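Residue numbers (our numbering): 134 to 417.
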Amino acid sequence: MLITIIVNEVVYYGNPVILGILFSALASLVFYYAFRMLEMSYVLKYKKPLYNHLYLNLKKLNTEQRVVLQNSFPFYKKLSKKEKTYFEHRVVSFINDKDFIGRDLDVITEEMKVLISATAIMLTFGFRDFYIGLISKIVVYPDKFYSNVNKTYHKGEFNPKLKTLVLSWKDFKQGFDIGNDNLNLGIHEFTHAIHLNSIKERDVSSTIFTDSFKELSMLISTNNSLRDELLGFEYFRNYAYTNQFEFIAVAVENFVETPKDFKAKFPEIYNKIKQMLNFNFAGY
Numbered sequence: 134m135l136i137t138i139i140v141n142e143v144v145y146y147g148n149p150v151i152l153g154i155l156f157s158a159l160a161s162l163v164f165y166y167a168f169r170m171l172e173m174s175y176v177l178k179y180k181k182p183l184y185n186h187l188y189l190n191l192k193k194l195n196t197e198q199r200v201v202l203q204n205s206f207p208f209y210k211k212l213s214k215k216e217k218t219y220f221e222h223r224v225v226s227f228i229n230d231k232d233f234i235g236r237d238l239d240v241i242t243e244e245m246k247v248l249i250s251a252t253a254i255m256l257t258f259g260f261r262d263f264y265i266g267l268i269s270k271i272v273v274y275p276d277k278f279y280s281n282v283n284k285t286y287h288k289g290e291f292n293p294k295l296k297t298l299v300l301s302w303k304d305f306k307q308g309f310d311i312g313n314d315n316l317n318l319g320i321h322e323f324t325h326a327i328h329l330n331s332i333k334e335r336d337v338s339s340t341i342f343t344d345s346f347k348e349l350s351m352l353i354s355t356n357n358s359l360r361d362e363l364l365g366f367e368y369f370r371n372y373a374y375t376n377q378f379e380f381i382a383v384a385v386e387n388f389v390e391t392p393k394d395f396k397a398k399f400p401e402i403y404n405k406i407k408q409m410l411n412f413n414f415a416g417y
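The structure is reproduced here in structure tokens:
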């Protein structure tokens, strides 16, 4: 009887299914942390993640949505065929993830959803996580709106506490109607959201963004001649010098809209923003 009990205990604790589950869990954990260490070493050396795109099932835009993207979003045309499939997948995923709300509008159109989402995806196309977790709602007004935050009329604002991005559709559209004036409401507001989200999160793309931002801030604060050139050239509009957050939002507008001018005038700043966004595509 004693022998039988011992044998039964051995069989129970040696159950191959349980051991297999435990071993798989342990192996997965070891692999995860080993990969994290490997990638962080890679990031420290090359300032970019090991990979950005890895999808089991690529989502596709419907015909109406794709026409909007092709006709009204120039950045999309600059991408390779493979990059376009990734871009579409991300736009569809972003649309599905966010709650689009119209204010003083009859309806939120597919054009609104596609172009607003495409702006977010353009800026995070070099990121692995492109959802911008600090945004859950996108509110669209037809024109300027009254903000209860500071009791004045706004074209756009981002409220991280409410996880809400608010845009004037008229001003959003104007940002893309003229593609080289360095004024783009969508790019500006989404950059604020990405910046704050990167401070909050700990994923690899957020780490690269915040570290690069610190490097850029240090570069400007310690280089007197560079600061003098920034003010002297007047390449960035005055609003950029309100604070660090506004500077990076304005700088990204310039980066996207007039990259050749930016690179020619301020190559060091241009390269830091390119590093920050991991913007290694579409000719940038």
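Cβ atoms here follow ideal geometry from the backbone N, Cα and C, with glycine treated the same way. Everything numeric in this text was worked out from a predicted model, so none of it was measured.
Would you kindly work out how many angstroms separate the C-alpha atoms of Ser280 and Ile381, rounded to a whole number?
-> Against the sequence shown, residue 280 aligns to sequence position 147. Against the sequence shown, residue 381 aligns to sequence position 248. Taking the straight line from one Cα to the other gives about 23 Å.
In chain order, each alpha helix (DSSP H) run of at least 4 residues that lies wholly inside the stretch 312-340 = Secondary structure within the stretch 312-340: the alpha helix (DSSP H) runs of 4 or more consecutive residues, fully enclosed, are 318-333 (chain order).
Just checking my contact of Phe305 with Leu316 at CB under 8 Å: how many whole Å lie between their CB atoms?
-> Position 172 of the sequence shown holds residue 305. Position 183 of the sequence shown holds residue 316. Wrong, their Cβ atoms sit about 11 Å apart, outside the cutoff.
Would you report the Cα separation of Pro182 and Arg169, rounded to the nearest angstrom?
-> Reading the sequence shown from its first residue, position 49 is the one you call residue 182. Reading the sequence shown from its first residue, position 36 is the one you call residue 169. In a straight line, the C-alpha of Pro182 is about 11 Å away from that of Arg169.
Please determine if the stretch 211-225 and the stretch 248-264 are in contact, where contact requires at least 3 C-beta pairs separated by less than 8 Å.
-> Per the Cβ contact rule, the stretch 211-225 is in contact with the stretch 248-264 (3 or more Cβ pairs under 8 Å).
For Phe366, is the classification buried or exposed, using 16 other Cβ atoms within 10 angstroms of its Cβ as the cut-off for buried?
-> Against the sequence shown, residue 366 aligns to sequence position 233. Burial call: exposed.
C-alpha distance - Lys398 paired with Gly259, whole-angstrom precision | Position 265 of the sequence shown holds residue 398. Position 126 of the sequence shown holds residue 259. When rounded, the distance between both Cα atoms is 24 Å.
Given that a residue counts as buried once 16 or more other Cβ atoms are within 10 Å of its Cβ, and exposed if not, what is Asn330?
-> Working through the sequence shown from its first residue, we reach residue 330 at position 197. Classification for Asn330: buried.
CB contact below 8 Å: Thr343 versus chain D = The displayed structure is made up of one protein chain only, and chain D is not part of it.
Does the beta-carbon distance from Ile271 to Lys296 come in below 8 Å?
-> Indexing the sequence shown from 1 puts residue 271 at position 138. Indexing the sequence shown from 1 puts residue 296 at position 163. No, they are not a contact pair.
According to the Cβ coordinates, are Asn387 and Phe395 closer than 8 Å?
-> Residue mapping note: residue 387 aligns to position 254 of the sequence shown, counting from 1. Residue mapping note: residue 395 aligns to position 262 of the sequence shown, counting from 1. Yes. Within cutoff.
Ile402 - containing alpha helix (DSSP H), residue span = Stepping through the sequence shown from its first residue, residue 402 is reached at position 269. Counting along the chain, the alpha helix (DSSP H) containing Ile402 begins and ends at Pro400 to Leu410.
Could you spell out the range, first to last residue, of the beta strand (DSSP E) harbouring Leu298?
-> As a first step, residue 298 is located in the sequence shown; it is residue number 165 there, counting from the start. Bounds of the beta strand (DSSP E) holding Leu298 are Thr297 to Ser301.
Using the beta-carbon count (16 or more within 10 Å), is Val144 buried or exposed?
-> Translated into positions along the sequence shown, residue 144 becomes position 11. Caution applies to Val144, whose pLDDT of 46 falls short of 50 and renders its modelled position unreliable; the value that the coordinates give is listed next. Exposure of Val144 is indicated by the presence of fewer than 16 other C-beta atoms within 10 angstroms of its C-beta.
Could you tell me how far apart the beta carbons of Val282 and Met245 are, in whole angstroms, since I believe they sit closer than 8 Å?
-> For this step, residue 282 is matched to residue 149 along the sequence shown. For this step, residue 245 is matched to residue 112 along the sequence shown. Actually they are not in contact, since the Cβ atoms of Val282 and Met245 sit about 23 Å apart, beyond 8 Å.
Select from Glu379, Val337 and Tyr372 the residue whose C-alpha is nearest the C-alpha of Glu172.
-> The residue labelled residue 172 in the question sits at position 39 within the sequence shown. Taking Glu172 as reference, the option from Glu379, Val337 and Tyr372 with the minimal CA-CA separation is Val337.
Nearest-angstrom Cα distance between Glu216 and Pro149?
-> Numbered from 1 along the sequence shown, position 83 holds the residue referred to as residue 216. Numbered from 1 along the sequence shown, position 16 holds the residue referred to as residue 149. Roughly 44 Å separates the two Cα atoms.
How would you call Leu363, buried or exposed, if buried means at least 16 neighbouring beta carbons within 10 angstroms?
-> Along the sequence shown, read from residue 1 onward, the residue named residue 363 stands at position 230. By the 10 Å Cβ count, Leu363 comes out buried.
Use the C-beta contact count for Ser358: other C-beta atoms within 10 angstroms, 16 or more gives buried, fewer gives exposed.
-> Your numbering for residue 358 matches position 225 in the sequence shown. Per the 10 Å Cβ criterion, exposed.
Tyr188 versus Lys180, Asp262 and Val385, residue with shortest Cα-Cα distance = To locate residue 188, count along the sequence shown from 1; it is residue 55. Check the Cα spacing between Tyr188 and each of Lys180, Asp262 and Val385: the tightest is with Asp262.
Consult DSSP for Ile136 and reduce its assignment to one of helix, strand or coil.
-> If you number the sequence shown from 1, residue 136 lands on position 3. Caution is warranted here: a pLDDT of 45 is assigned to Ile136, below 50, making its placement in the model unreliable, and the coordinate value is therefore given only provisionally. The answer is helix: DSSP assigns Ile136 an H, G or I state.
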